[in-house]
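What follows is a single structure, written as structure tokens, with notes after it.
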Amino acid sequence: ARTIRSTIRSNFFLGDLAALRGRPAEAMRYNGLATATERRAGGGTAAALTGALDSIWVEVTQLGRTTGARARIDAALRAHPMEDVPAADRPWAQLTQMGILLADPEVTRMAADGYERDIAPMTPDPDAARVAARAARAFAARRYDEAVSATLEADRRFAWPRGHALVNVARA
Numbered sequence: 227a228r229t230i231r232s233t234i235r236s237n238f239f240l241g242d243l244a245a246l247r248g249r250p251a252e253a254m255r256y257n258g259l260a261t262a263t264e265r266r267a268g269g270g271t272a273a274a275l276t277g278a279l280d281s282i283w284v285e286v287t288q289l290g291r292t293t294g295a296r297a298r299i300d301a302a303l304r305a306h307p308m309e310d311v312p313a314a315d316r317p318w319a320q321l322t323q324m325g326i327l328l329a330d331p332e333v334t335r336m337a338a339d340g341y342e343r344d345i346a347p348m349t350p351d352p353d354a355a356r357v358a359a360r361a362a363r364a365f366a367a368r369r370y371d372e373a374v375s376a377t378l379e380a381d382r383r384f385a386w387p388r389g390h391a392l393v394n395v396a397r398a
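For what it's worth, my numbering labels the leading residue of the sequence shown as 227, then goes sequentially.
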């Protein structure tokens, strides 16, 4: 890679590719390399928190380690406080998806509230971002009719990555 940014992106991409190929240890190694590079480049708490959450995501989705996932999330948030991360860099969307995946209403509600507060006002369509947050809360509370309806609306308004919307609707 020619630049720090391309090194970080390449390692995250290789981590995603390894995860898709069912190689979680390799995925975690590449995510770790990306996070370490990002921290050396001045990413600070945002990079550390995102890296910790990425590792938890791989553990849950690839290794099936759901037991204790909430404790690992809480530990990551204690070690790398969200308040120390600039508002625009707070990984609320990532944390929201983790809450949905774990069917943890408390994590999802906290993340959706943070997303609405910190990220939605910066988006081109803040109301659509609020719809996405509402969908997340409904998924976590297992109100699937509301969740699917809100997800499809958020997707039409480009408030959620397409893949997240489709996966969440399929889970419902």
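Glycine included, C-beta positions come from ideal geometry on N, C-alpha and C. Predicted model only: the values in this text are computed from it and were never measured.
Asked                                                                                             : Found
D330 Cβ short of 8 Å to the ligand GTP heavy atom set                                             : In the structure on display, the ligand GTP does not appear, and there are no ligands present to speak of.
T293 burial status per 10 Å Cβ neighbour count (16 or more: buried)                               : exposed
Simplified DSSP state of T233, which is helix, strand or coil                                     : helix
Reference E285; option with closest CA among V357, L327, R356 and P307                            : L327
Cβ neighbour criterion (16 or more within 10 Å) applied to A305                                   : exposed
Coarse secondary structure for A358, derived from DSSP in three states                            : helix
Cβ shell of Q323 (< 7 Å), same chain only, five flanking positions each side left out             : H390
Reference A295; option with closest CA among G325, A313 and G268                                  : G325
contact_flag[the segment 367 to 374, the segment 344 to 356] where n(CB pairs < 8 Å) is 3 or more : no
Closest by C-alpha distance to G248, when choosing among L289, D330, G269 and V357                : L289
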